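Reading through the structure tokens given below for one structure.
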Amino acid sequence: MIVAPSILSADFNRLLEEVKECNNAEFIHIDVMDGHFVPNISFGPAVYKNLKGKVNNVFDVHLMISDPMKYLDDHVNAGADIYTFHYEAVNDVKEMIEEIKKRNIKVGISIKPKTDVKLLLPYLKDLDLVLVMSVEPGFGGQTFIDSALGKIEELARLKKENNYHYLIEVDGGINQETAKLVAKVGCEVVVAGTYIFKSQDRKKTIEYLKSL
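According to the numbering used here, the sequence shown holds residues 21 to 232 in order.
Written out as structure tokens, the structure is:
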């Protein structure tokens, strides 16, 4: 399992040190929220761009914003390695995918808990990552929504049957028990914020998730 600690749960007064404490994780997950697409505001590219080159993690940037196209280049310049936008936030999904690919970074798409996986069928062949939200996006520390398991399972089946290359990621309500559940149905990247950053031993918690 690839582990993506969500810096939304980190101490922003010592962000570099917090991320360095998670250096045994392959990714770091960067949640960008605009207060419009979701009812919360987090941060923009200026907050994480100074981490680039100081840590070795893949920058897994998740845009929970209404206009991901507008800010694409800002995030590319800040060091985004994966740019994940929400299916629900754009009118032309194909165009968004193409624009991200032009920047030579990986493209991801995310769906909210009530969005059907079938809506992604025309795009799966072009994606590097599919992020299944297992909580309503906007706030950390929420309870896992079980319907995410069926979506992960369906994405795993489609990937195998069609030889697609996307990674299946899940975000929301991840803890020791829910991590086991998502791993069992085919999740390949697990996002965890509170579970990692509030743990007594972050490296040990990350190693447990990696072992699933």
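Glycine residues also receive a C-beta, built at the ideal position from the N, C-alpha and C atoms. Keep in mind it's a predicted model, so treat the numbers as computed, not measured.
Are the beta-carbon atoms belonging to valine 211 and glutamate 189 less than 8 Å from one another?
In the sequence shown, residue 211 corresponds to position 191, counting from 1. In the sequence shown, residue 189 corresponds to position 169, counting from 1. Contact: yes.
Along the chain, where does the beta strand (DSSP E) that runs through isoleucine 188 open and close?
Locating residue 188 in the sequence shown gives position 168, where the first residue counts as 1. Element bounds for isoleucine 188: 187-191.
Which residue's Cα is closest to the Cα of glutamate 119: Pro88, Lys132, Lys138?
As a working mapping, residue 119 is identified with position 99 in the sequence shown. Nearest neighbour of glutamate 119 by Cα position, chosen from Pro88, Lys132, Lys138, turns out to be Pro88.
When you compare only the Cα positions, how much space is there between glutamate 187 and leucine 178?
Locating residue 187 in the sequence shown gives position 167, where the first residue counts as 1. Locating residue 178 in the sequence shown gives position 158, where the first residue counts as 1. The sequence shown places leucine at residue 187, not glutamate. In a straight line, the C-alpha of leucine 187 is about 12 Å away from that of leucine 178.
Cβ-based neighbour list, alanine 30, same chain, cut-off 6 Å, excluding 5 preceding and 5 following
Start at 1 with the first residue of the sequence shown, and residue 30 comes out as number 10. Glu38, Phe217.
Any idea which residues DSSP pairs histidine 95 with across the strands?
Translated into positions along the sequence shown, residue 95 becomes position 75. None, per the DSSP bridge assignment.
On a Cα-Cα basis, can you pick out the residue from Tyr107, Glu115, Leu169 that is closest to lysine 132?
The sequence position of residue 132 within the sequence shown is 112, counting from 1. Of the candidates Tyr107, Glu115, Leu169, the one whose C-alpha sits nearest the C-alpha of lysine 132 is Tyr107.
Would you mind reading off the limits of the beta strand (DSSP E) that contains tyrosine 103?
Along the sequence shown, one-based indexing puts residue 103 at 83. Counting along the chain, the beta strand (DSSP E) containing tyrosine 103 begins and ends at 102-106.
Hey, would you say proline 25 sits closer than 8 Å to cysteine 42, going by beta carbons?
Translated into positions along the sequence shown, residue 25 becomes position 5. Translated into positions along the sequence shown, residue 42 becomes position 22. The answer is yes: Cβ separation under 8 Å.
Whose CA, out of Pro157, Lys230, Asn183, lies closest to the CA of glycine 250?
Outside the modelled stretch of the chain, which goes from 21 to 232, sits residue 250, for which no answer is possible.
Report buried or exposed for histidine 95, applying the criterion of at least 16 other Cβ atoms within 10 angstroms of its Cβ.
Reading the sequence shown from its first residue, position 75 is the one you call residue 95. Buried.
Local Cβ density within 10 Å of lysine 126, reported as buried at 16 or more and exposed below that:
Locating residue 126 in the sequence shown gives position 106, counting from the first residue. For lysine 126, the number of other beta carbons within 10 angstroms of its own is at least 16, and it is reported as buried.
Beta bridge counterpart(s) of isoleucine 22 as assigned by DSSP:
Taking the sequence shown and counting its residues from 1, the one referred to as residue 22 is at position 2. In the DSSP secondary-structure assignment, isoleucine 22 is bridged to Val209.
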